[in-house]
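In the UniProt record's numbering, the protein residues as written are 1 to 358.
Dropping the structure here:
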């Protein structure tokens with residue numbers, strides 16, 4: 001049995017003001033006008049695992065929209081986190097639910113808001129990751145072959161080749177690296193043994209349970225109690241009580257950076273995490289002045305900028321390398337090179353008591 005677990009609880013903070021708490025990036029139609037990012041993720045993996053084997057990890061705020069937009073997905077496959085705690089507790093809760101139904105399953109963990117342009121190549125890599133996870137007790141991640149020095153992604157440093165699955169190399173992970181500055185990103189690109197961290201993982205339930213038990217024992221004990229309570233009258237109460245006990249931690253920091261049996265498969269399938277506004281330049285065509293324009297824009301001597309408007313006409317004169325975003329209640333203007341800092345604006349708004357704009 002193979003299950004897919006799609007992580008859909010994030011807020012997409014660097015795509016503010018379009019991405020909001022009540023409508024984060026996974027609910028936006030960034031790459032086309034037919035489906036949002038979550039719907040595209042479900043459609044992509046459905047061909048491999050089947051709809052009934054797809055689970056969504058999310059929170060109470062987003063659950064109603066997910067149920068509406070994915071109406072054919074079994075309602076019990078939407079797993080609701082009672083609190084925001086990071087990816088390790090989220091995965092722990094979902095693993096408890098899935099293991100109750102399919103104790104021997106292999107789980108593919110996927111972000112909900114990434115762009116993948118070559119679905120066939122993606123599925124082929126996933127198949128090889130599933131095969132690798134079945135060899136011994138391996139945890140597998142997919143690394144993206146970098147095309148440029150990127151400061152907005154985490155990196156995976158890899159070592160020697162361990163396996164070869166149908167002609168595809170599988171490497172030992174040496175270290176997960178945090179998002180670098182530009183100089184360090186250039187070093188990684190030149191070194192040749194670094195990949196972008198896609199946030200895609202594949203493992204057998206027994207393997208990830210053993211990993212939680214060894215590296216995050218507090219979370220593991222809560223997982224056991226949650227699993228036992230599933231289907232009982234006090235299921236909701238126990239889930240909340242045990243989830244509150246779990247430390248706030250990512251699965252990379254809690255497990256992946258400590259474990260020995262972690263491997264990476266390099267992939268190239270048109271991946272982009274669409275993490276901030278400049279990413280639009282990689283999926284939309286620019287005009288003759290190098291501008292990416294969504295909406296109505298008229299400009300003079302305006303170059304290399306990203307201009308997004310939902311309704312209003314935007315006019316510009318003498319601008320270069322800016323991001324300009326207009327929504328019905330907020331406007332963002334920033335240097336394109338500072339787009340990674342957009343999430344800090346949300347913190348400033350929260351401190352000012354302007355939660356309605358976040």
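Note that beta-carbon positions come from the ideal geometry of N, C-alpha and C, so glycine has one too.
Under 8 Å between C-beta atoms of residue i and residue j
| i | j | result |
| --- | --- | --- |
| residue 17 | residue 327 | yes |
| residue 362 | residue 56 | A question about residue 362 goes unanswered here, because the residues of the chain that appear run from 1 up to 358. |
| residue 45 | residue 93 | no |
| residue 80 | residue 59 | yes |
| residue 329 | residue 308 | no |
| residue 84 | residue 9 | yes |
| residue 22 | residue 51 | no |
| residue 360 | residue 128 | It is not possible to answer for residue 360, since the shown part of the chain is limited to 1 through 358. |
| residue 216 | residue 255 | yes |
| residue 6 | residue 54 | yes |
| residue 64 | residue 219 | no |
Contacts around residue i, its chain only, beta-carbon distance under 6 Å, and the 5 residues preceding and following it disregarded
| i | result |
| --- | --- |
| residue 273 | 114 |
| residue 175 | 157 |
| residue 99 | 205 |
| residue 306 | 277, 280, 292, 323 |
| residue 19 | 12, 25 |
| residue 257 | 176 |
| residue 14 | 275, 276, 342, 343 |
| residue 161 | 169, 171 |
Straight-line gap, residue i to residue j (C-alpha atoms, nearest Å)
| i | j | result |
| --- | --- | --- |
| residue 172 | residue 260 | 9 Å |
| residue 95 | residue 106 | 10 Å |
| residue 28 | residue 70 | 14 Å |
| residue 304 | residue 291 | 5 Å |
| residue 112 | residue 325 | 23 Å |
| residue 87 | residue 298 | 43 Å |
| residue 249 | residue 41 | 25 Å |
| residue 228 | residue 138 | 26 Å |
| residue 252 | residue 351 | 29 Å |
| residue 163 | residue 289 | 47 Å |
| residue 201 | residue 313 | 43 Å |
| residue 311 | residue 331 | 12 Å |
| residue 182 | residue 337 | 11 Å |
| residue 34 | residue 286 | 21 Å |
| residue 234 | residue 346 | 37 Å |
| residue 263 | residue 165 | 13 Å |
| residue 39 | residue 294 | 22 Å |
Residues near residue i by beta carbon distance below 7 Å, same chain, minus five either side
| i | result |
| --- | --- |
| residue 301 | 317, 318 |
| residue 184 | none |
| residue 242 | 222, 225, 226 |
| residue 67 | 75, 78 |
| residue 240 | 82 |
Contact test: residue i Cβ vs the ligand ATP heavy atom, cutoff 7 Å
| i | result |
| --- | --- |
| residue 49 | Of ligands this structure carries none, so the ligand ATP is not represented either. |
Close beta carbons around residue i, own chain, < 8 Å, minus the five adjacent residues each side
| i | result |
| --- | --- |
| residue 230 | 96, 97, 100 |
| residue 49 | 2, 3, 4, 108 |
| residue 283 | 30, 31, 115, 272, 274 |
| residue 267 | 121, 122, 125, 142, 143, 144, 145, 198 |
Neighbour flag for residue i against chain B, beta carbons, 8 Å
| i | result |
| --- | --- |
| residue 175 | In the structure shown, chain B does not exist; there is a single protein chain. |
Query raised in the report: Does the pairing of the region 177–197 with the region 208–224 give three or more beta-carbon distances under 8 Å?
Result: Between the region 177–197 and the region 208–224 there are fewer than three inter-stretch CB-CB distances shorter than 8 Å, so the stretches are not counted as touching.
**Report entry** Three-pair Cβ contact test at 8 Å for the region 130–144 versus the region 197–204
**Finding:** Verdict: yes, contact present.
Report task. Kindly provide the ranges of any alpha helix (DSSP H) runs that are 4 or more residues long and lie completely inside the region 153–216, ordered along the chain. Result -> You should have 182–191, 205–215.
Report task. Pair every Cβ in the region 150–160 with every Cβ in the region 127–138, then say whether three or more of these pairs are closer than 8 Å. Result -> Contact between the region 150–160 and the region 127–138 is absent, because fewer than three Cβ pairs lie under 8 Å.
Query raised in the report: In chain order, which alpha helix (DSSP H) runs of at least 4 residues are fully inside the region 50–113?
Result: Counting only runs of 4 or more, we get 63–69, 87–101.
Query raised in the report: Which ranges would you report for the beta strand (DSSP E) in the UniProt domain "MannoseP isomerase/GMP-like beta-helix" (295–345) if only whole runs of at least 3 residues count?
Result: Every beta strand (DSSP E) stretch that sits fully inside the UniProt domain "MannoseP isomerase/GMP-like beta-helix" (295–345) and reaches 3 residues is listed by chain position as 306–320, 322–326, 331–335.
Report task. Only counting runs of 3 or more residues, tell me where the beta strand (DSSP E) segments fall wholly within the region 203–286, in order along the chain. Result -> Counting only runs of 3 or more, we get 262–267.
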